[in-house]
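Residue numbers (my numbering): 881 to 1124. The C-beta atom is built at its ideal place from N, Cα and C for all residues, glycine as well. Since we're looking at a predicted model, the values are computed, not measured. Read through the structure below, which is laid out as structure tokens, and then see the notes.
What follows is the structure, encoded as structure tokens:
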């Protein structure tokens, strides 16, 4: 596996509230994760960076996952603990009130490929020249698409396309989307909405399919295109290339 990641403030934001990491633990398992914070100057960055730090530290200490159930349980327990940590900070310090963050992650072991999602950061797989969104946006617009009231193209210009139905740290209760997925030889793309709101899926496919560009250049190209198209938000991109 090859991987690369980067984050960029974009053209309009005063701070970068996105946080990200890709790490491997002692078992050889790999985790890629992106968090897109919200809640003002202090809160957004605190929530996203705190979530990244906590889940990264826990992943480095994680046991070997002997079954997919073990992996699911680890994700649930860890993410619920992070949710409580951020929610308690928000309620105990008025400077951070109302903060929260999205979270999208994938964990790849020798046996399993699993993802978890809260909010509207995304996981895609690129395989056989097809770009497929694996995660489901936990947004009002995402719900309307799944119900058949909106098409994906209509959603790109919807005035409430960023209205979240779920976020990490905003409530004691949490709805975690979690599942396994398959991937042969291909690429995984994790990104914040600063990428996919600025770059059309066809353009993303062109970049990911470019065999002349290395993985670091693909990350840079996607961020550069998002900024050239407006860069209206922070932009974070993770790419993992998987061979059979």
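Q: Might you give, ordered along the chain, the residues of its own chain that have their beta carbon closer than 8 Å to the beta carbon of residue 1000, omitting 5 neighbours on each side?
A: 916, 982, 1017, 1018, 1019, 1022, 1042, 1044, 1073
(request) Could you spell out where the alpha helix (DSSP H) holding residue 1169 opens and where it closes? (result) Residue coverage of the chain in this structure runs from 881 to 1124, which leaves residue 1169 outside it and unanswerable.
In DSSP terms, what residue 1127 is bridged to: Limits of the chain in this structure are 881 at one end and 1124 at the other, which puts residue 1127 out of reach.
query: From residue 1030 to residue 1024, what does the alpha carbon distance come to, in whole angstroms?
result: 6 Å
_With a threshold of 6 Å on Cβ separation, who are the neighbours of residue 892 within its own chain once the five nearest residues in sequence on each side are excluded?_
1112
**Asked** Applying the criterion that 16 or more other CB atoms from any shown protein chain within 10 Å of the CB defines a buried residue, is residue 895 buried or exposed?
**Response** exposed
Quick check on the burial criterion: 16 or more other C-beta atoms within 10 angstroms. Buried or exposed for residue 1026? exposed
Item to complete: Could you give the DSSP three-state label for residue 1057: helix, strand or coil?
Response: strand
Can you find the residues in the same chain that come closer than 6 Å, C-beta to C-beta, to residue 918, ignoring five residues on each side of it along the sequence? 924, 980
ask   = Of the residues 1059, 1091, 956, 1116, which one's Cα is nearest the Cα of residue 1103?
value = 1116
### Query
Would DSSP call residue 996 helix, strand or coil?
strand
Legend entry - residue 1076, DSSP secondary structure in three states: helix
Can you grab the Cα-Cα spacing for the pair residue 1061 / residue 1033, in whole Å?
25 Å
**Message:** Alpha carbons only, please: which of 950, 908, 963 is nearest the one belonging to residue 929?
**Reply:** 963
For my contact list, residue 1015 and residue 1036 are in at a C-beta cut-off of 8 Å; report their separation, rounded to the angstrom. Between residue 1036 and residue 1015 the Cβ distance is about 17 Å, and since that is not below 8 Å, they are no contact.
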